[in-house]
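Residue numbers (our numbering): 8 to 264.
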Ligand SMILES: C[S@@+](CC[C@H](N)C(=O)[O-])C[C@H]1O[C@@H](n2cnc3c(N)ncnc32)[C@H](O)[C@@H]1O
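This is the structure:
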């Protein structure tokens, strides 16, 4: 149950763990995220974010990755709770459209990219979200609004470098202390298989991987299955076109993750 003082927090209240180098990225050359990690979030400037809903959610999802956006919206409708953490927020589209279980959900937004945080926070300002700049591959530390009953990680994994089981494991370890005992984690990720669906999908996937926007040419569902199985009591994966959607329930205690 959330208190009134929690609800009265200012929009855009942002906690930072890493130093901010400019308006686009967080992290310094010595202590911050690696170049590969930074590349996975660097594309999301204000112009890309302005075109994102039409380009990615309207066109690419349906015609290239063959996972229409309404299928992904269902994850939010089914699993977003009134104490929700979203990581890798983009434009905040799914949070805006979600059917929340309560009129005033407590929502915390986490992203490495401040443009995305600002855009998503403004879009769902009616929920007065809290925001925090974090690299999702490193321990998130203290997060406003924790512990969370639900966590959305939609289209985050394919943006992050590393072998899929490894980066999923890193993400789950990073956020585990912020999860409530019965928390549900849900999301989706574009798999390598998406590239084989059409010449256009293959070309775009290879381009995005060359530029470091995607890191998913070796991402397969088996690796995701292994990583979720190691961290949660129960999970489900569904393949829709070239995309794996997943839901995982009841995280293992932190020392077993
Ligand atoms: C493809 S967008 C997904 C946006 C939204 N969740 C959706 O499904 O439309 C990926 C998001 O993840 C963020 N991101 C990428 N790498 C990250 C990292 N290592 N840590 C935190 N956020 C990251 C990007 O800045 C961007 O907002």
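Backbone N, C-alpha and C define an ideal beta-carbon position, used for all residues, glycine too.
Only a predicted model underlies this, so the values are computations on that prediction, with no experimental measurement involved.
Using a threshold of 6 angstroms, is the CB atom of residue i nearer than that to any non-hydrogen atom of ligand 1?
| i | result |
| --- | --- |
| residue 156 | no |
| residue 74 | no |
| residue 163 | yes |
| residue 142 | yes |
| residue 254 | no |
| residue 95 | yes |
| residue 51 | yes |
| residue 62 | no |
Measure the beta-carbon distance from residue i to residue j and round it to whole angstroms, keeping in mind my assumption that it falls under 8 angstroms.
| i | j | result |
| --- | --- | --- |
| residue 150 | residue 180 | With a Cβ gap of about 15 angstroms, residue 150 and residue 180 do not count as contacting. |
| residue 250 | residue 167 | Contact doesn't hold; Cβ gap of about 16 angstroms is too wide. |
| residue 133 | residue 152 | Not confirmed; about 16 angstroms, so no contact. |
I'd like to check one pair, residue j with residue i: are the Cβ atoms closer than 7 angstroms?
| i | j | result |
| --- | --- | --- |
| residue 331 | residue 84 | In the structure as shown, the chain begins at 8 and stops at 264. Residue 331 is therefore absent and cannot be evaluated. |
| residue 98 | residue 56 | yes |
| residue 221 | residue 82 | no |
| residue 182 | residue 147 | yes |
| residue 265 | residue 210 | There is simply no residue 265 to check, as the chain begins at 8 and stops at 264 in what is shown. |
| residue 256 | residue 244 | no |
| residue 159 | residue 93 | yes |
Checklist entry - Which runs of the beta strand (DSSP E) spanning at least 3 residues fall entirely within the region 219 to 257, listed in chain order? => result 239 to 247
Item to check | Ordered list of beta strand (DSSP E) runs contained in the region 184 to 212, each at least 3 residues | outcome: 186 to 197
Next on the checklist: Could you check whether the region 220 to 228 touches the region 191 to 205, counting it as contact only if at least three pairs of C-beta atoms, one from each stretch, sit closer than 8 angstroms?
Outcome noted: yes
Checklist entry - Would the region 45 to 62 and the region 118 to 134 be scored as touching if the rule is three or more Cβ pairs under 8 angstroms? => result At 8 angstroms Cβ cutoff, the stretches touch.
Checklist entry - Does the region 235 to 247 come close enough to the region 154 to 171 to have 3 or more Cβ pairs within less than 8 angstroms? => result no
Checklist entry - Quick one: complete beta strand (DSSP E) runs, 3+ long, within the region 44 to 113? => result 90 to 94
Item to check | Every unbroken alpha helix (DSSP H) within the region 114 to 184, with a cutoff of 4 residues, ordered by chain | outcome: 121 to 130, 171 to 182
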